[in-house]
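Okay, so here's the structure we're looking at.
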Amino acid sequence: MFWLWGVVVLCYIVFFLADYSYQRYELMKNLKMSHEEVKKEIKEMEGNEEIKRHRHSLHQEIQSGSLAVMVKKSSAVIKNPTHLAICIYYNEDTTPLPKVVAKGADYQALKIIEIAEKEGVPVIENIPLARGLNKDIAIGQYITPPFFHAISEILAMIKIRG
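Reminder that position 74 of the sequence shown reads as 107 in this note's numbering, one-by-one numbering, no gaps.
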């Protein structure tokens, strides 16, 4: 009878070891990340690829000088104190309406303001106008009717000052 209990205990030990090994294998298999999960984690850690490309292109634009050219060409720069800068171009002979030729936020805004002051382009602080233009008008677009009055006042003031 004693040997029967020994066989039963031995069977339980064998089943226990087999079950333990199988459970450990399943756990390790489930803990591994899928290909999609790996991609998602890399995206979260390093940032979205599109955003990185956009930041890089902005940096290249600033470095290449095309931003500086647009700022030099502009008739005025409208800013809020440090966060936004919008370059407006207007020439009665060549453009029917004032046009947004460049705009920037944060670091890029500071760079636009710096270039404008260096080049003698008038820099006007108008917080609501700067925010509205930044939100509603894309680069290369003419200003829309809600902004006509404010922009015309600024351009008239610049023209009077010479």
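Glycine included, each C-beta is placed from N, C-alpha and C at the ideal position.
Status (buried if at least 16 other CB within 10 Å, exposed otherwise) for residue i
{"i": "Pro131", "result": "buried"}
{"i": "Tyr123", "result": "buried"}
{"i": "Phe48", "result": "exposed"}
{"i": "Phe181", "result": "exposed"}
{"i": "Asn167", "result": "buried"}
{"i": "Leu117", "result": "buried"}
{"i": "Val134", "result": "buried"}
{"i": "Val42", "result": "exposed"}
Proximity below 9 Å, CB of residue i to CB of residue j
{"i": "Asn113", "j": "Ala163", "result": "yes"}
{"i": "Val154", "j": "Ser108", "result": "yes"}
Candidates the options: closest to residue i by CA position
{"i": "Lys144", "options": "Lys62, Pro129, Val104", "result": "Val104"}
{"i": "Ala101", "options": "Gly137, Leu166, Lys72, Leu37", "result": "Gly137"}
{"i": "Thr177", "options": "Asp126, Lys151, Ile121", "result": "Ile121"}
{"i": "Ser185", "options": "Pro129, Ile148, Glu150, Glu147", "result": "Pro129"}
{"i": "Ile160", "options": "Val110, Ser54, Asp126, Tyr175", "result": "Val110"}
Element boundaries [beta strand (DSSP E), containing residue i]
{"i": "Ile172", "result": "From DSSP, Ile172 is part of no beta strand (DSSP E); its letter is neither H nor E."}
{"i": "Glu70", "result": "Here Glu70 belongs to no beta strand (DSSP E); instead the alpha helix (DSSP H) covers 68-79."}
{"i": "Glu158", "result": "156-158"}
{"i": "Tyr122", "result": "117-122"}
{"i": "Lys14", "result": "One cannot answer for residue 14 here, as it falls past the ends of the chain, which runs 34 to 195."}
Where the alpha helix (DSSP H) through residue i begins and ends
{"i": "Leu130", "result": "Neither: Leu130 is in no alpha helix (DSSP H) and is coded neither H nor E."}
Residues that DSSP places opposite residue i in a beta bridge
{"i": "Gly137", "result": "Ala118"}
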